[in-house]
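Residue numbers (my numbering), protein chains in the order written: chain A, 13 to 240; chain B, 2 to 88; chain C, 513 to 889.
Everything on this sheet refers to the single structure shown next.
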């Protein structure tokens, strides 16, 4: 379980453009479930995802990952945890331009020092699952929207994460690809991966497999809903 | 790797040039030479070790270097240190 | 342990791939950097090789040369001095030396005329250096005329052309007999250009020099070690030209290292953010930047040094030729023996590679330490 205890995030503290993105959020996110953060832009979804995924520290409050407090860990440990526990899919995909799809998938694993041949094989296996093998050596710029999406997902999976975090994953996708994305997420969830999504796309939050919806507005949780 | 090859080439060449140097050494002794023939434009650039202090300044003490290679050649240390006593 | 190595390898591979991506920009950078190193290394190689040459070759130069100074200028020495000099303790022999210059108005060249200490040419014949033979197109057996001190021409037969391999010593020499030279130059029979002394014990050079000065206050003795040391001062870093070259190189280097150090492009920053977001630590990113700087530095250094080596030792310092010639019309080909000073190369390495690598890492420091969630926006 991922638990947040009264976390807040303030940007530019003390300056004229001070901005509070999150106001004392306390949440429990169950592992093994699909959770969706729903709300308009500016509601703090992205910030919350970043905090949950150990990308940043809250200004106040504490976060617990499986009963272990992570807010006060030094950066190195935090990064290590992030790398092994979380896989990220960004709204803009954020794939590295100029290198191939395969290399993009492998990049998050380089700091682990795994034997290259072994890593390459794992990456290829993952890409095979997503039908990307024949595009493995293609440069990112040449991939179609759907292919890029799948590369982004494959990259998120390379370190066998426990949790997948996706921020507005369907924002740049058409209906067909959006449904495809959700079915991939459901499949991963069926295999035990926790999924946390932020979206204001109905295709996402109206999907039947969602376990929980957390509605946010202006940096606060306004509504929680559990589905089964 | 290439640097290593360069070093080897240099080593080899230096060793191979030993007889040439032996000949040059004997030429210096036989002829009584005191300088390398590098810059023949002026007497003080041609015989750097033999020059006096005045020659480079013979036009005027304040003129700029007259000969281009004079800019490459510094006065020999013995000239500078003895200058106080002699010139 | 092998995990660490594997990690390094993969980060290095990634870095190299990243460099290849921006081929144009990195290529230009490499070129400029290599050019700077090329110039600096060429200068270092050339000056060092010449100094070593002088050092090795002049070790058989006269042990003590005694000159006479009058009105602050070199003047002929009276041969009568030899009698007194011979009696100085430690002096084996005293020999008067005759040599001087001759300007050839036709070829606008300066020659050095000399009476050799051993085996002078017979009367009426001369040996000439390879440089003179080249510009006059003269060979053994030819007749050659020079105008003497009295304005009258004198004809000589060329006996030998001095070997090309010794041109760094003999290029402009004309060797002739004493009688011929005295007649030619007009130097009186009781005078010589200077004296050459042979001494029993090399440790006595300074002592004997002091005795000579006391004996003849208007004389200047020059000892062999001073003659050799003269060539340490040639191409000394204080020489005007070298200061200009080094300053220009330093400036060029500072400019583009500064350019590197003052900023990362937005794209580079974004990329670092992505790497951080997918799990790279700050140290991984800095390592990448380090390898980036090092890869360019090392390559540029290697290319520059090797090209410099070829330039000086295969192409006889062709690019420096105009500088080395000056206004001389008689100049040697600088066929130098490749003496290498690894100390100099090491210094060049540390003065260029290290600062450049640092200038690649520093701007990345800030970018590498920001929270990756900025990339999410």
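C-beta atoms are modelled at their ideal positions from N, C-alpha and C, and glycine is treated no differently.
Bear in mind that the values here come from a model prediction, so they are computed numbers and not experimental data.
Review point. Any Cβ of chain A within less than 7 angstroms of the Cβ of residue 529 of chain C?
Key: Locating residue 529 of chain C in the third chain gives position 17, counting from the first residue. By this cut-off, residue 529 of chain C is an interface position.
Point to revise | Residue of A:97, A:44, A:77, A:132 minimising C-alpha distance to residue 118 of chain A | key: What you label residue 118 of chain A is simply residue 106 of the first chain in a count that begins at 1. That would be A:132, whose Cα lies nearest to the Cα of residue 118 of chain A.
Exercise for review: Going by CA-CA distance only, name the one from A:206, A:216, A:116, A:205 that's closest to residue 189 of chain A.
Suggested key: Counted from its first residue, the first chain places residue 189 of chain A at position 177. Nearest of A:206, A:216, A:116, A:205 to residue 189 of chain A, Cα basis: A:216.
Review point. Taking just the CA atoms, how far does residue 570 of chain C sit from residue 76 of chain B?
Key: Against the second chain, residue 76 of chain B aligns to sequence position 75. Against the third chain, residue 570 of chain C aligns to sequence position 58. Rounded to whole angstroms, the gap between the alpha carbons of residue 76 of chain B and residue 570 of chain C is 18 angstroms.
Practice item. Check each residue of the region 700 to 720 of chain C: if its Cβ is closer than 7 angstroms to any Cβ of chain B, include it; give the result in chain order. Key: Hits within the stretch, in order: 708.
Review point. Between which two residues does the beta strand (DSSP E) containing residue 47 of chain A stretch?
Key: Numbered from 1 along the first chain, position 35 holds the residue referred to as residue 47 of chain A. For residue 47 of chain A, the enclosing beta strand (DSSP E) starts and ends at 46 to 50.
**Study point:** Within chain B, partners of residue 571 of chain C - CB distance below 9 angstroms
**Key:** Taking the third chain and counting its residues from 1, one reaches residue 571 of chain C at position 59. Here the neighbours are 26, 29.
Point to revise | DSSP state of residue 128 of chain A mapped onto helix, strand, coil | key: Translated into the one-based positions of the first chain, residue 128 of chain A becomes position 116. Here DSSP, grouped into helix, strand and coil, assigns residue 128 of chain A to helix.
Review point. Any C-beta of chain C sitting closer than 7 angstroms to the C-beta of residue 147 of chain A?
Key: One-based indexing of the first chain puts residue 147 of chain A at position 135. No, because no Cβ of chain C sits closer than 7 angstroms to the Cβ of residue 147 of chain A.
Check your understanding: Rounded to a whole number of angstroms, what is the C-alpha to C-alpha distance between residue 573 of chain C and residue 585 of chain C?
Key -> Position 61 of the third chain, counting from 1, holds the residue named residue 573 of chain C. Position 73 of the third chain, counting from 1, holds the residue named residue 585 of chain C. Using only the alpha carbons, I get a separation of about 23 angstroms.
Exercise for review: In the DSSP assignment, find the unbroken alpha helix (DSSP H) run with residue 803 of chain C in it and report its ends.
Suggested key: By one-based count along the third chain, residue 803 of chain C stands at place 291. Per DSSP, residue 803 of chain C belongs to the alpha helix (DSSP H) from 794 to 825.
Review point. So what does DSSP say about residue 20 of chain B, is it helix, strand or coil?
Key: Position 19 of the second chain, counting from 1, holds the residue named residue 20 of chain B. DSSP places residue 20 of chain B in helix when its eight states are reduced to three.
Point to revise | chain C contact residues for residue 120 of chain A, given Cβ-Cβ distances below 7 angstroms | key: Taking the first residue of the first chain as position 1, residue 120 of chain A is located at position 108. Those are 790, 791, listed as they occur along chain C.
Point to revise | Limits of the alpha helix (DSSP H) - the one that residue 615 of chain C falls within | key: By 1-based counting over the third chain, the position of residue 615 of chain C is 103. Element bounds for residue 615 of chain C: not the alpha helix (DSSP H) but the beta strand (DSSP E), 603 to 616.
Check your understanding: Would you say residue 29 of chain A reaches chain C, if we count a Cβ-Cβ gap shorter than 7 angstroms as a contact?
Key -> The residue you call residue 29 of chain A lines up with position 17 of the first chain. False, the Cβ-Cβ gap to chain C never drops below 7 angstroms.
Point to revise | DSSP-derived helix/strand/coil call for residue 459 of chain C | key: The requested residue 459 of chain C is not part of the displayed model; chain C covers only 513 to 889.
**Study point:** For residue 7 of chain B and residue 48 of chain B, the rounded distance between their alpha carbons
**Key:** For the purposes of this step, residue 48 of chain B is identified with residue 47 of the second chain, where counting begins at 1. For the purposes of this step, residue 7 of chain B is identified with residue 6 of the second chain, where counting begins at 1. The alpha-carbon atoms of residue 48 of chain B and residue 7 of chain B are separated by roughly 34 angstroms.
Review point. Ordered along the chain, which non-local residues of its own chain (more than five positions away) have a Cβ less than 7 angstroms from that of residue 150 of chain A?
Key: Counting from 1 along the first chain, the entry for residue 150 of chain A is found at position 138. 112, 113.
**Study point:** beta strand (DSSP E) runs wholly inside the region 164 to 234 of chain A, at least 3 long, in chain order
**Key:** Counting only runs of 3 or more, we get 175 to 179, 206 to 211, 224 to 229.
Review point. How long is the line joining the alpha carbons of residue 22 of chain A and residue 802 of chain C, rounded to whole angstroms?
Key: Sequence index remark: in the first chain, residue 22 of chain A carries index 10 (1-based). Sequence index remark: in the third chain, residue 802 of chain C carries index 290 (1-based). Those two C-alpha atoms are separated by around 34 angstroms.
Review point. Got a sec, what are the start and stop residues for the beta strand (DSSP E) residue 34 of chain A sits in?
Key: Within the first chain, residue 34 of chain A is the residue found at index 22, counting from 1. In the DSSP annotation of this structure, the continuous segment of the beta strand (DSSP E) that includes residue 34 of chain A starts and ends at 31 to 41.
Point to revise | Inter-stretch contact (C-beta, 8 angstroms, three-pair minimum) for the region 669 to 677 of chain C and the region 635 to 654 of chain C | key: With a cut-off of 8 angstroms, the region 635 to 654 of chain C and the region 669 to 677 of chain C count as touching, because enough Cβ pairs lie within range.
Exercise for review: Enumerate in chain order the residues of its own chain whose CB-to-CB distance from residue 559 of chain C is below 6 angstroms, with the five nearest sequence positions on each side excluded.
Suggested key: On the third chain, residue 559 of chain C is found 47 positions in, with the first residue counted as 1. Contacts found: 747.
Check your understanding: Tell me the DSSP bridge mates of residue 672 of chain C?
Key -> For the purposes of this step, residue 672 of chain C is taken as the residue at position 160 of the third chain. For residue 672 of chain C, DSSP records a beta bridge to C:639.
**Study point:** Interface positions of the region 629 to 642 of chain C facing chain B (Cβ-Cβ less than 7 angstroms), listed along the chain
**Key:** Answer set for the region 629 to 642 of chain C: 629, 630, 631.
**Study point:** Close-in-space but distant-in-sequence residues of the same chain around residue 561 of chain C (CB under 8 angstroms, 5 per side omitted)
**Key:** Within the third chain, residue 561 of chain C is the residue found at index 49, counting from 1. So the qualifying residues of the chain are 824, 825, 848, 849, 850, 851.
Review point. Would DSSP call residue 112 of chain A helix, strand or coil?
Key: Here residue 112 of chain A corresponds to residue number 100 of the first chain, with the count starting at 1. Strand at residue 112 of chain A.
Review point. Touching or not, the region 200 to 220 of chain A and the region 19 to 38 of chain A, by the rule of three or more beta carbon pairs under 8 angstroms?
Key: Result no; under three Cβ-Cβ pairs closer than 8 angstroms.
Check your understanding: Thinking C-alpha only, which one of C:842, C:733, C:781 is nearest residue 79 of chain B?
Key -> On the second chain, position 78 is the one that residue 79 of chain B refers to. Closest by alpha carbon: C:733.
Review point. So which residues on chain A does residue 796 of chain C lean against when the C-beta distance must stay under 9 angstroms?
Key: As a working mapping, residue 796 of chain C is identified with position 284 in the third chain. Near residue 796 of chain C (Cβ distances below 9 angstroms), the residues of chain A are 91, 122, 123.
Review point. Any beta-carbon of chain C closer than 7 angstroms to the one on residue 5 of chain B?
Key: Position 4 of the second chain, counting from 1, holds the residue named residue 5 of chain B. Closer than 7 angstroms: no.
Check your understanding: Taking the Cβ atom as the reference point for each residue, do residue 789 of chain C and residue 100 of chain A lie within a distance shorter than 7 angstroms?
Key -> Translated into positions along the third chain, residue 789 of chain C becomes position 277. Translated into positions along the first chain, residue 100 of chain A becomes position 88. Going by C-beta atoms, residue 789 of chain C is nearer than 7 angstroms to residue 100 of chain A.
Review point. Enumerated in chain order, which unbroken segments of the alpha helix (DSSP H) with a length of 4 residues or greater are wholly contained in the region 576 to 606 of chain C?
Key: Listed in chain order, the complete alpha helix (DSSP H) runs (minimum 4 residues) inside the region 576 to 606 of chain C are 593 to 598.
Review point. Over what stretch of residues does the beta strand (DSSP E) that includes residue 15 of chain A continue unbroken?
Key: As a working note, residue 15 of chain A is residue 3 in the first chain. Its beta strand (DSSP E) spans residues 14 to 23.
**Study point:** N- and C-terminal bounds of the alpha helix (DSSP H) containing residue 720 of chain C
**Key:** Translated into the one-based positions of the third chain, residue 720 of chain C becomes position 208. 717 to 727 is the span of the alpha helix (DSSP H), which, as asked, contains residue 720 of chain C.
**Study point:** Chain-ordered chain C contacts of residue 24 of chain A [CB-CB under 7 angstroms]
**Key:** Counting from 1 along the first chain, the entry for residue 24 of chain A is found at position 12. Per Cβ cutoff of 7 angstroms: no residues; residue 24 of chain A is ~13 angstroms from chain C at best.
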